[in-house]
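S.K.: Provided herewith is a single structure, encoded as structure tokens, for subsequent inquiry.
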Amino acid sequence: MSEFNQNPVEIALEKLEEEFADLIGIPWSGRRYPGCYKIVQKYAQTRLGRSLKDFSGLYTSFMDDAVSEEDGVWIDRPTWGVDWDMSILQKSDLLLFKVYDTEMGDVEKFNKRAPNHGAVYLGDGFMLHQLWQEDSCIVRLDVHYRKCCVGIVRENAT
Numbered sequence: 005m006s007e008f009n010q011n012p013v014e015i016a017l018e019k020l021e022e023e024f025a026d027l028i029g030i031p032w033s034g035r036r037y038p039g040c041y042k043i044v045q046k047y048a049q050t051r052l053g054r055s056l057k058d059f060s061g062l063y064t065s066f067m068d069d070a071v072s073e074e075d076g077v078w079i080d081r082p083t084w085g086v087d088w089d090m091s092i093l094q095k096s097d098l099l100l101f102k103v104y105d106t107e108m109g110d111v112e113k114f115n116k117r118a119p120n121h122g123a124v125y126l127g128d129g130f131m132l133h134q135l136w137q138e139d140s141c142i143v144r145l146d147v148h149y150r151k152c153c154v155g156i157v158r159e160n161a162t
């Protein structure tokens, strides 16, 4: 399809898919780990020149200690279930999500649990991520994802 027939969102997505072609379509690996963290690691390695710690066997890759250890800074901690203003985002921000089904469990326990999904913000309202047992892809950071987002982390620039 030519750019003439596309809307601005389609054009932005097409450009991102070209820029990040090496990071999309990567098959899921592992039962749980590395899961979505694998694509975050690959992005950091190929785009930021950083090697992120291997958290194999640990469930701490998206918790406070891990963020601090990787020299990250919390930009915001949105409330789960509430939409928020995306204008605070910058390219390469790490987005942390809780994608649990609260109807299947105790809401109090849910609120205490660590985020269980991560993605990288690419700009223009898009993120790179990998859902359980799916290939990595670029998607819009739509209201569904924003309401599941519980953390925004940025590399410490100091």
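Heads up, the sequence shown is in our numbering, so the first residue is 5 and it goes up one at a time.
Virtual Cβ for every residue (Gly too), placed ideally from N, Cα, C.
Please read these numbers as outputs of a predicted model, since none were measured by experiment.
From what residue to what residue does the beta strand (DSSP E) around residue 99 run?
M.R.: 98-101 is the span of the beta strand (DSSP E), which, as asked, contains residue 99.
S.K.: Would residue 119 be called buried (16 or more neighbouring beta carbons within 10 Å of its own) or exposed?
M.R.: Answer is buried; the Cβ neighbour count reaches 16.
S.K.: Are the CB atoms of residue 93 and residue 125 within a distance shorter than 8 angstroms?
M.R.: Yes, the pair counts as a contact, with Cβ atoms nearer than the cut-off.
S.K.: With a threshold of 8 angstroms on Cβ separation, who are the neighbours of residue 50 within its own chain once the five nearest residues in sequence on each side are excluded?
M.R.: For residue 50, where only same-chain residues beyond five positions count, the Cβ hits under 8 angstroms are 26, 27.
S.K.: Let me know the alpha helix (DSSP H) ranges lying completely inside the region 15-101, each 4 residues or longer, listed in chain order.
M.R.: Those alpha helix (DSSP H) runs which fall completely within the region 15-101 and span 4+ residues are 40-47, 68-73.
S.K.: Under three-state DSSP, which class holds residue 150?
M.R.: Correct three-state label for residue 150: helix.
S.K.: Do residue 56 and residue 44 come within 8 angstroms of each other at the CB atom, strictly closer than that value?
M.R.: Closer than 8 angstroms, so yes.
S.K.: Considering just the uninterrupted stretch of the beta strand (DSSP E) at residue 132, what are its terminal residues?
M.R.: It spans 130-133 - the beta strand (DSSP E) in which residue 132 sits, taken as one unbroken run.
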